[in-house]
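The sequence shown begins at 543 in the working numbering and counts up by one.
For glycine and all other residues, C-beta sits at the position ideal for the given N, C-alpha and C.
Below is one structure, written out as structure tokens, with a few remarks after it.
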Amino acid sequence: MDVTAHHEVLIIGGGGAWLRAAIAVAEANPQLKGAVVSKVYPMRSHTVAAEGGAAGCIAQDDSFDEHAYDTISGGDWLCDQDAVGVFVREAPQELLRLEHWGCPWSREPDGRVAVRPFGGMKKMRTWFAADKTGFHMLHTLFQTSLRYGTVARYDEWYVTRLLLDEGRVQGVVAIELMSGRIHALTASAVILCTGGWGKVYPFNANIKTGDGMALAYRAGAPLKDMEFVQYHPTGLPFTGILITEAARAEGGYLVNKDGYRYLQDYNLGTPQPKPVLRSMELGPRDRLSQAFVKEMEKGRTIDTPCGPVVHLDLRHLGEKVINTRLPFVRELGQKYQNINPVWEMIPVRPVVHYMMGGVHTDIHGATPLRGLYAAGEVACVGINGANRLGSSSLPELLVFGARAGRAAAAFARECPPPTAAIRAQAEDEKRRLEQLLRKTGGREHIATLRTEMQNIMEGAAGIYRSQGPFWRRRTNCVSLPNGSRTCSLRTTAVSSTPSWSPRWSCPACLRLPARLSPVPCCAPSRVGRTSGPTIRSAMMRNFSPILW
């Protein structure tokens, strides 16, 4: 199999982390040829969905130590404190750099960058651009990346395998989705920026299917802290689309079916007319999600065709505040729930939002596999511990995306060319893919297995874990990846062009195994962690510690 192209640094992914990494590579060495392989066009990556803001210490009454304390305590004291130190020091620098590149941060009347309160933080330190922060950040990064002609893009290409020889990652095999052609791309260094794997759960609104974690896992890179899965407490019940934490930061109330602010019953503070930092609706996300479950058990939630919900009440904020500070929340309510939050309450429920675990990296984004780096949600550098605070993910992808880009560029400068064995590995992967897409007579349907996977994960590794359901689903969690090998494909048409088939245009049969690969890592690790208290933020155990 011929090699399509060689690049010194190859970045896999389409969101903010890859953009920041690509810019860092170009700035570190303009002579290096970089490239980005993404299954979606960059403006359709999940970073664009981030609404609330990005945390960075800038206020005069704030400090790095206080930001570090909030991050570490919010992570239930399981954070890597060295990594947190790097994060809090470099986050303001990255946010100011975005300011210089043109990101339209919201302003105070005197012209200073505005900051808002966010859950789990003692100080107001969250920068924002109305409630479309991710949208504006992504556009700013993308437009900045266009300055660098050395960065090539492979949009709508799907990576299926890392090519590894002599203990070093040396490239990838990818499918060009438009044509179905299979390509080998070699590289001196590879950076994973593919996001998390929220699609293994039924209630979510993201496009992250765990591709990067699966690639690293199959290549032999370790996954870390996979038991910590964060639920966002305010998602729309049918679509799973998030109602940003900024709605609560501006003063929104969470109420049950009786109109009662129920968070006061769960040691989260007492109701106040204005938002109070680290109290009530501005408590950590894990605590708010757990409180919802308790309300549901007490029969105090509202039943809907899409399951139980509570209400987010913004009516008292007034139309001016909502239109100025939360225009996207109003738009989401009108388009997806047919309600106007100026006059009506928004139905919400917890939805899967973020994975604290991922590919193990150091503070420079390097994994234990030489030549392989990771940044963003796919990586686990350790700053989030057992629970990520809101507004930490956007500065995380900036800080560690830049660090991974610089480290990969330095590695690529000293790296020898790819070995001859890489071409043979690429040929093997091409044969595997062609056999997979021509397979008939399977016993399982992809949709059936996907639904089973999501139900198992929600029951076995959801907000709470009960001993009975967990043990009943134990074998299923471990055996799920085997089921994907017996899937059948409904589409049987094959084009006259050998390398192309209509089945390539929707590679569900490729994405499902990627989602399934980390599943056996998540559920067993949730039982295996027996140190510390039985409550570990995003890993809530309500039975005594046991081992598999």
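Of the residues the options, the one placed nearest residue i, counting alpha carbons only
i           : options                : result
residue 929 : 671, 620, 680 and 559  : 620
residue 657 : 643, 672 and 695       : 672
residue 857 : 571, 670, 790 and 616  : 790
residue 682 : 616, 585 and 650       : 585
residue 821 : 1000, 989, 661 and 596 : 661
residue 830 : 754, 567, 796 and 626  : 796
residue 551 : 832, 651 and 713       : 713
residue 553 : 969, 839 and 918       : 918
residue 691 : 612, 854, 569 and 839  : 569
residue 861 : 749, 645, 792 and 579  : 792
residue 708 : 893, 964 and 685       : 964
residue 992 : 765, 769, 742 and 970  : 742
residue 827 : 563, 972, 932 and 603  : 932
residue 726 : 972, 644, 838 and 1003 : 972
residue 803 : 780, 997, 774 and 834  : 834
residue 869 : 695, 846, 687 and 670  : 670
residue 847 : 780, 839, 906 and 818  : 780
residue 943 : 775, 903 and 855       : 903
residue 579 : 701, 547, 643 and 608  : 701
residue 900 : 812, 772, 806 and 867  : 772
residue 610 : 719, 926, 810 and 651  : 926
CB of residue i within 8 Å of CB of residue j, strictly
i           : j           : result
residue 895 : residue 740 : yes
residue 736 : residue 920 : yes
residue 778 : residue 732 : no
residue 555 : residue 734 : yes
residue 697 : residue 583 : yes
residue 951 : residue 574 : yes
residue 675 : residue 594 : yes
residue 936 : residue 558 : yes
residue 913 : residue 760 : no
residue 728 : residue 545 : yes
residue 564 : residue 693 : yes
residue 606 : residue 630 : yes
residue 664 : residue 612 : yes
residue 923 : residue 625 : yes
residue 998 : residue 892 : no
residue 966 : residue 915 : no
residue 744 : residue 969 : no
Simplified DSSP state of residue i, which is helix, strand or coil
i            : result
residue 643  : helix
residue 844  : strand
residue 793  : coil
residue 1041 : Low confidence applies to residue 1041: its pLDDT is 41, below 50, so where it sits in the model is not reliable enough to give any reading.
residue 577  : strand
residue 560  : helix
residue 771  : strand
residue 516  : Given a span of 543 to 1090 for the chain in the structure shown, any question on residue 516 remains unanswerable.
residue 550  : strand
residue 1006 : strand
residue 941  : helix
residue 730  : strand
residue 921  : strand
residue 948  : helix
residue 1048 : The pLDDT assigned to residue 1048 is 44, lower than 50, so where the model puts this residue is not dependable; a value taken from the coordinates is nonetheless given after this. In this structure, residue 1048 counts as coil in the three-state DSSP scheme.
residue 749  : coil
residue 626  : helix
residue 872  : helix
residue 820  : coil
residue 631  : helix
residue 689  : coil
residue 582  : coil
residue 980  : coil
Residues that residue i bridges to, as DSSP identifies them
i           : result
residue 700 : 717
residue 908 : 915
residue 743 : BP columns for residue 743 are empty, so no partner.
residue 766 : 900
residue 878 : Its beta-bridge partners do not exist; DSSP assigns none.
residue 802 : Residue 802 pairs with nothing; no bridge assigned.
residue 669 : 596 and 657
residue 888 : 854
residue 707 : 710
residue 784 : 777
residue 724 : 717
residue 694 : 577
residue 545 : 726
Residue i at chain D interface by Cβ criterion, 8 Å
i           : result
residue 659 : Looking for chain D here will not work: only one protein chain is present.
Any non-hydrogen atom of the ligand NAP within 7 Å of residue i CB
i           : result
residue 753 : Of the ligands one can find in the structure shown there are none, so the ligand NAP has no counterpart to examine.
Q) Is the stretch 883–900 touching the stretch 777–795, taking contact as three or more C-beta pairs under 8 Å? A) yes
Q. Can you find at least 3 beta carbon pairs, one from the stretch 946–960 and one from the stretch 624–641, that sit closer than 8 Å?
A. No contact exists between the stretch 946–960 and the stretch 624–641.
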